[in-house]
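Enquirer: Before anything else, here's the structure in question.
2 protein chains.
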Amino acid sequence: MPKTEKEKPVADSVVLVSGGLDSAVTAAIAARLGHPAFLHVNYGQRTEARELAAFDALTGRYKIKNRLIADIAYLSDIGGSALTDRKIDVPKGDVGRKDIPPTYVPFRNANLLSIAISWAEALGAKAVFIGAVEEDSSGYPDCRREFFDAFEKAVALGTKPGAGISIITPLIHMRKSEIIKKGVELAAPMELTWSCYKDSDMACGNCDSCLLRLRGFKEAGITDPLEYKK
Amino acid sequence: MPKTEKEKPVADSVVLVSGGLDSAVTAAIAARLGHPAFLHVNYGQRTEARELAAFDALTGRYKIKNRLIADIAYLSDIGGSALTDRKIDVPKGDVGRKDIPPTYVPFRNANLLSIAISWAEALGAKAVFIGAVEEDSSGYPDCRREFFDAFEKAVALGTKPGAGISIITPLIHMRKSEIIKKGVELAAPMELTWSCYKDSDMACGNCDSCLLRLRGFKEAGITDPLEYKK
């Protein structure tokens, strides 16, 4: 059948792909299950350009035709986080801390999910994948499955009858080391990912995100393909 | 006490101000109750510039110091609605229709609310006001209180403990004529508002939004300060 202008590539899911390790493994899971569309969101975070480069590399590797980059610079106008506000320092990592760290971006995941759900509804896709991790995360309230369950109920009520979009969090109860092992199992291209919150040339090795990643590779007994400053 | 650089104007609520009639009356209610911050969202809708002008006029009238304009052009990239996609016509109004009209923007209100909640959390405000109307609306699923209740539960779980942000929908069960009477009672500047979905120079008088507005003024026995093409 000849391709017409109206013919659009099929997508049965939308995956939020930040360009980090967790999103790459989530993308690998979605790609194994069907035909995902990849969504990347720029929100004025310090390492925006580096994360976008990782997203581009991942869409290329998975030959994704449905890709969307959403700019929501307003999150840095709103401020309140060390990730988007240059006046607040990214702290040296402390993965054992109990309080919510200054890298928390207020209600960020709801903003990301709302974009993903809007796109899924327009595409007719039935699932949104997000690589959030509950136990091994930094204590952000919007990374817990409890939050995603509540959001999913709002989705059921706020989309067209029959839209039936689920929020799938395949990594939610995994440790970083388990995610890395899953990545190896699925041949997820972990060398294309970027995790550092602070730097864009070479990972700092000191921020929460770098520390979690390094500890995960160590626990998994696998060598991290990225280089670090320290 | 001398003003320091760090001193920020207090805000106890965030109001979503599209620039339409309902949002102006909602803003009047919030201004009567406390010190609102005004949020406007551009989402690539046809009448974006005209709505922004109405927002500017309303912030001026209410002397609002905390104002934010968020651009989410991705909603028009996503498409799927006559409001954002120039290839889909805005239908002539049919306010008695039972199905969801082509002006529905997929999951739009969740995108707007997520921005408002993020900003409220950063400001320490305890309420978000949105001028959604359930019964007199066009059948959009994300305009029902049931949806806002579900979203509010997601907010409680996805923000910092103690953030305690409510979603207030003061017009949700009002008819357009009641909203207009409330606007007159509160001296809301209805002459500064813009409701038309289609045109920006003079309201078309034909789209759903114009028809609802015109019918509301007629039922209320009040003269609409705006001019119409027909």
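Quick mapping for you: the protein sequence lines, in order, are chains H and V. Quick note, in our numbering, the first sequence goes up one by one and the last residue is 1366. Quick note, in our numbering, the second sequence goes up one by one and the last residue is 1366. Every residue gets a Cβ at the ideal spot worked out from N, C-alpha and C, and that includes glycine. Just so we're clear, the structure is a prediction, and the values are computed from it rather than from any experiment.
#1: So what does DSSP say about P1277 of chain H, is it helix, strand or coil?
#2: What is the DSSP secondary structure of D1207 of chain H, counted as helix, strand or coil?
#3: Using the beta-carbon count (16 or more within 10 Å), is R1244 of chain V buried or exposed?
#4: Just the Cα atoms here: how many angstroms apart are G1352 of chain H and A1164 of chain H?
#5: Would P1158 of chain H pass as a contact of A1206 of chain V if the rule is Cβ separation under 9 angstroms?
#6: Give me the chain V residues within the contact set of F1243 of chain H, using Cβ-Cβ distance strictly less than 7 angstroms, ordered along the chain.
#7: For I1394 of chain V, count the other beta carbons within 10 Å of its own beta carbon; 16 or more makes it buried, fewer makes it exposed. Which is it?
#8: According to DSSP, N1178 of chain H sits in a beta bridge with which residue or residues?
#9: For the beta strand (DSSP E) containing I1236 of chain V, name the first residue and the last one.
#10: Taking only the alpha-carbon atoms, compute the straight-line gap between R1281 of chain V and T1305 of chain V and give it to the nearest angstrom.
#11: Run down chain H in chain order and give the residues with a C-beta less than 9 angstroms from the C-beta of R1280 of chain V.
#12: Give, in chain order, every residue of the region 1182–1211 of chain V whose Cβ lies closer than 9 angstroms to some Cβ of chain H.
#13: Taking just the CA atoms, how far does V1153 of chain V sit from W1255 of chain V?
#14: Could you give the first and the last residue of the continuous alpha helix (DSSP H) run that contains I1266 of chain H?
#15: Taking K1289 of chain V as the reference, give the member of H:A1263, H:K1262, H:A1246 and H:L1259 with the closest Cα.
#16: Based on Cα-Cα distance, which residue from H:V1150, H:A1356, H:A1167 and H:A1189 lies nearest to L1322 of chain H?
#17: Evaluate contact between the region 1165–1185 of chain H and the region 1196–1211 of chain H, counting only Cβ atoms and requiring at least three cross-stretch pairs below 8 angstroms.
#18: At the 9 angstroms Cβ level, is D1148 of chain H part of the contact set with chain V, yes or no?
#19: Taking the beta strand (DSSP E) that S1149 of chain V belongs to, which residues open and close that run?
#20: Using a Cβ-Cβ cut-off of 6 angstroms (strictly less than) and excluding sequence neighbours within five positions of A1147 of chain H, which residues of its own chain qualify?
#21: So, is the C-beta of C1346 of chain H closer than 9 angstroms to a C-beta in chain V?
#22: Within a Cβ cutoff of 6 angstroms, which residues of the same chain sit near A1299 of chain V, ignoring the five residues on either side of it in sequence?
#23: For K1365 of chain H, which residues of its own chain have a beta-carbon under 6 angstroms away from its beta-carbon, when the five flanking residues on both sides are left out?
#24: Take P1145 of chain V and list the residues in its own chain whose beta-carbon comes closer than 7 angstroms to its own, dropping the five residues that flank it on each side.
#25: So, does the CB of K1289 of chain H fall closer than 9 angstroms to a CB anywhere in chain V?
#26: Which chain V residues are close to F1174 of chain H, counting only those with a beta carbon under 9 angstroms from its beta carbon?
#27: Have a look at V:C1346, V:K1296, V:K1199 and V:F1283 and flag the residue whose alpha-carbon is nearest the alpha-carbon of G1294 of chain H.
#28: From E1327 of chain H to F1191 of chain H, what does the alpha carbon distance come to, in whole angstroms?
#29: In angstroms, rounded to a whole number, what distance separates the CA positions of G1196 of chain V and T1329 of chain H?
#30: Flag this pair as yes or no: are the beta carbons of I1303 of chain H and A1263 of chain H separated by less than 9 angstroms?
#31: Determine the extent of the beta strand (DSSP E) in which I1302 of chain H is found, giving its start and end residues.
Expert: The answer reads as follows:
#1: helix
#2: strand
#3: buried
#4: 18 angstroms
#5: The sequence shown places Asp at residue 1158 of chain H, rather than the Pro named in the question. Cβ distance not < 9 angstroms, so D1158 of chain H and A1206 of chain V don't count as in contact.
#6: S1250, I1253, S1254, E1257, G1294 and T1295
#7: Limits of chain V in this structure are 1137 at one end and 1366 at the other, which puts residue 1394 of chain V out of reach.
#8: H:D1207
#9: Note, I1236 of chain V: premise wrong, no beta strand (DSSP E); not H, not E.
#10: 8 angstroms
#11: L1293 and G1294
#12: L1204, I1205, A1206, D1207, I1208, A1209, Y1210 and L1211
#13: 14 angstroms
#14: Note, I1266 of chain H: premise wrong, no alpha helix (DSSP H); not H, not E.
#15: H:A1246
#16: H:A1167
#17: yes
#18: no
#19: S1149 to L1152
#20: H1171, A1173, N1202, L1259 and A1261
#21: no
#22: E1257
#23: M1338, C1340 and G1341
#24: K1201 and N1202
#25: yes
#26: What F1174 of chain H touches in chain V: nothing, since even the nearest Cβ is about 14 angstroms away.
#27: V:F1283
#28: 12 angstroms
#29: 46 angstroms
#30: yes
#31: Rather than Ile, the amino acid found at residue 1302 of chain H in this sequence is Ser. Where S1302 of chain H is concerned, the enclosing beta strand (DSSP E) stretches over S1302 to I1304.
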